Amino acid sequence: SFNYTSPINFDSKVSPPQERIIQTIANYVLFRDFSGLIFIYSIWISISFIPIIVYNSFRRAYSMNLLTFFFPNFFVYTFLYKYSPNYYKSNFLFHIIPTIFIGLFIVVVSFGGSFILKKLGKTKTETQIENLYIIMNQIKSKCPNCGTEFNSTPIYCYKCNSYVIIKNESKINGE
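If you're matching positions, the sequence shown starts at 1 in the UniProt record's numbering and goes up one per residue.
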């Protein structure tokens, strides 16, 4: 866990595997001092950019960030309440206020990052749509015999079965 630990004194009898699991999760949620707080915040903020980049929707990004953030925090506080009540009672307010703050900050980062990426991607999408319209209009053609319009470059007219010959790339003429 990045060589960072936030040691917990377990009050009740906890098996060594349970203790390791609780301690591992707590290392990503709890902190000892201000430098630990900055370290934990930087980890959570950097992790929160992953769903922003992966998902195209701000709703999916912030919901994924909240789920990712909520579950480890929930289980750490639940396990501390059950297996280390003295540590829980003495440090709850010290840890819960920054936890709520970083949760709200992650929501703001999710919304802001998603909107910024959406705005940057929107101009690219609009340019692609304009290019598609240009291409689509270039391949529009009309049968010279019956006047049927096509959105492609056919060899035969489907209406009058006349043979259509391409004279140049932008126009289709028939014989």
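Here a beta-carbon is modelled for each residue, glycine too, at the ideal position from N, C-alpha and C.
Predicted model, so just to flag it, every value in this text is computed and none were measured.
Whole angstroms are fine: how far does the CA of Ala61 sit from the CA of Gly121? If I take the Cα positions, the gap works out to 16 Å.
Is Gly36 close to the ligand COA? I mean its beta-carbon at under 7 Å from any heavy atom of the ligand. The model depicted lacks the ligand COA and carries no ligand whatsoever.
Starting from the C-beta of Phe111, find all residues in its chain whose C-beta is less than 7 Å away, skip the five residues before and the five after it, and write them out in chain order. If you ignore the 5 residues before and after Phe111, its C-beta comes within less than 7 Å of the C-beta of Phe58, Tyr62, all in its own chain and listed in chain order.
Could you tell me whether the stretch 98-106 touches the stretch 33-51, where touching means 3 or more Cβ pairs closer than 8 Å? Verdict: yes, contact present.
Secondary structure of Phe74, DSSP reduced to three states: Here DSSP, grouped into helix, strand and coil, assigns Phe74 to helix.
Within its chain, find whatever has a CB closer than 6 Å to the CB of Gly113; leave out the 5 residues flanking it on each side and keep chain order. Around Gly113: Ile52.
Within the 8 Å Cβ cut-off, does Asp11 reach chain B? Here there is only one protein chain, and chain B is not present.
Measure the C-alpha to C-alpha separation of Ile8 and Tyr87 and round it to an integer number of angstroms. When rounded, the distance between both Cα atoms is 7 Å.
Which one of Ser6, Asn56, Phe79 has the shortest CA to CA distance from Ser15? Minimum Cα distance to Ser15 is reached at Phe79.
Beta-carbon proximity list for Ile22, same chain, < 6 Å, skipping 5 on both sides: Cβ neighbours of Ile22 within its own chain (closer than 6 Å, five residues either side excluded): Phe79.
Extent of the continuous alpha helix (DSSP H) to which Ile8 belongs: Note, Ile8: premise wrong, no alpha helix (DSSP H); not H, not E.
Helix, strand or coil at Ser46 according to DSSP, with G and I counted as helix: Ser46 sits in a helix when the DSSP states are folded into three classes.
Euclidean distance between Cα positions of Ile50 and Ile155: Looking at the backbone, the Cα of Ile50 and that of Ile155 are separated by about 50 Å.
Report the three-state DSSP secondary structure of Tyr87 (helix, strand or coil). If DSSP states are grouped into helix, strand and coil, Tyr87 belongs with the helices.
Can you look up Phe115 in the DSSP assignment and give me helix, strand or coil? Per DSSP, reduced to three states, the secondary structure at Phe115 is helical.
How about Ser6 and Phe34: do their beta carbons lie closer than 8 Å? No, they are not a contact pair.
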